[in-house]
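K.L.:
To start, I am sharing the structure in question, which I have written as structure tokens.
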Amino acid sequence: MLSLAKAYSQGDVNKFYNDCVAKVGKDVSFSLEPKIDGASISLHYQDGILVRAVTRGTGLIGNDVTNNIKEINDIPKVIDFEGNLEVRGEIYLPKSEFKKINESRLKNGEKPFANPRNAASGSIQQLDNKNIKERNLSAIIYDVVDPLENGIKKQTEAIKMLNKLGFPINTYIQEAFDFEQIW
């Protein structure tokens, strides 16, 4: 799992668009989705059962956090799927929960978390999962690994499949077909 590339200007986005069109052709479509800043997670299912959850780690090797992820209500433990399926997304902490946790930490003489992303990442990597449920972590799943094996040709199709399987998805998604629709 690698990190997303960043674009800071209209020129950056235009370059990305032109590079994609040059590689794929004019019939390319783009999925416009907000970025959720959390801890990246890869979920592995075998015959519909969640068997492994791994963080991004170095991009090549992540940490197995399966026991902690199973404590997050948003993550389906069983889905209606035969065979192997890997999906990816973000584990995040809503700002309202972040505020509650930091208030509690200060009250208990503990150092507050710097930001919601660090709190989510630190939470899922704890050795003891007793705090996971009470922290009310949330998830957004946005990627099906090896989409062609599942008959998926576009990101919007992946989101529909994820939604049908019961994964939490971001509903603010739009498909764009040219630069003007993107920008």
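By the UniProt record's numbering, the letter at position 170 of the sequence shown is numbered 170, and the numbering carries on one by one without gaps. Built from N, CA and C at the ideal position, the CB exists for glycine as well.
Which value, in whole angstroms, describes the spacing of the CA atoms of Lys107 and Gln181?
P.N.:
Cα to Cα, the separation comes out at about 48 Å.
K.L.:
Between Pro94 and Phe167, which are expected to be in contact by the criterion C-beta below 8 Å, what is the C-beta distance as a whole number of angstroms?
P.N.:
Incorrect: roughly 17 Å between the Cβ atoms, too far for contact.
K.L.:
Which runs of the beta strand (DSSP E) spanning at least 3 residues fall entirely within the segment 127-156, listed in chain order?
P.N.:
138-144, all fully within the segment 127-156.
K.L.:
Just to confirm my understanding: we take Glu71, look at its own chain, exclude 5 residues before and 5 after, and list those with CB closer than 7 Å. What are they?
P.N.:
Around Glu71: Asn129, Ile132 and Lys133.
K.L.:
The alpha helix (DSSP H) with Ser104 in it runs from where to where?
P.N.:
Where Ser104 is concerned, the enclosing alpha helix (DSSP H) stretches over Lys95 to Lys107.
K.L.:
With a CB to CB cut of under 8 Å and the five nearest residues on each side skipped, what residues in its chain are close to Lys111?
P.N.:
The answer, listed in chain order, is Arg105.
K.L.:
Where does Ile169 land, buried or exposed, given buried means 16+ other C-beta within 10 angstroms?
P.N.:
When all chains shown are included, Ile169 counts as buried.
K.L.:
Leaving out five residues before and five after Asn84 in sequence, what residues of the same chain have Cβ atoms less than 6 Å from its Cβ?
P.N.:
Within the same chain, Asn84 has close Cβ partners Gln46.
K.L.:
Can you find a heavy atom of the ligand ZN that lies under 7 Å from the Cβ of Lys99?
P.N.:
The ligand ZN is absent from the structure shown, which contains no ligand whatsoever.
K.L.:
For Gln10, report the span of its alpha helix (DSSP H) as first-last.
P.N.:
Gln10 -> alpha helix (DSSP H) spans Gln10 to Val24.
K.L.:
List the residues that DSSP assigns as beta-bridge partners of Thr55.
P.N.:
Answer by DSSP bridge pairing, in chain order: Ile41.
K.L.:
Between which two residues does the alpha helix (DSSP H) containing Gln174 stretch?
P.N.:
Looking at the DSSP string, Gln174 is not in any alpha helix (DSSP H); the run it does join, the beta strand (DSSP E), is Gln174 to Ala176.
K.L.:
Taking the alpha-carbon positions, what's the Lys26 to Phe179 distance?
P.N.:
For Lys26 and Phe179, the distance between alpha carbons rounds to 11 Å.
K.L.:
Near Tyr142, what residues of its chain come up, given a Cβ to Cβ distance below 6 Å and the 5 sequence neighbours on each side ignored?
P.N.:
Within the same chain, Tyr142 has close Cβ partners Gly89.
K.L.:
Cβ atoms of Leu148 and Glu86: under 8 Å apart, would you say?
P.N.:
Cβ atoms of Glu86 and Leu148: not closer than 8 Å.
K.L.:
Considering just the uninterrupted stretch of the alpha helix (DSSP H) at Glu71, what are its terminal residues?
P.N.:
Note, Glu71: premise wrong, no alpha helix (DSSP H); not H, not E.
K.L.:
Helix, strand or coil for Glu180, going by three-state DSSP, please let me know.
P.N.:
Here Glu180 sits in helix by DSSP.
K.L.:
In three-state terms, what does DSSP make of Asn118?
P.N.:
Note: Asn118 maps to helix in three-state DSSP.
K.L.:
Classify Leu137 as buried or exposed, calling it buried when 16 or more other Cβ atoms lie within 10 Å of its own Cβ.
P.N.:
It is buried - the Cβ of Leu137 has at least 16 other Cβ atoms within 10 Å.
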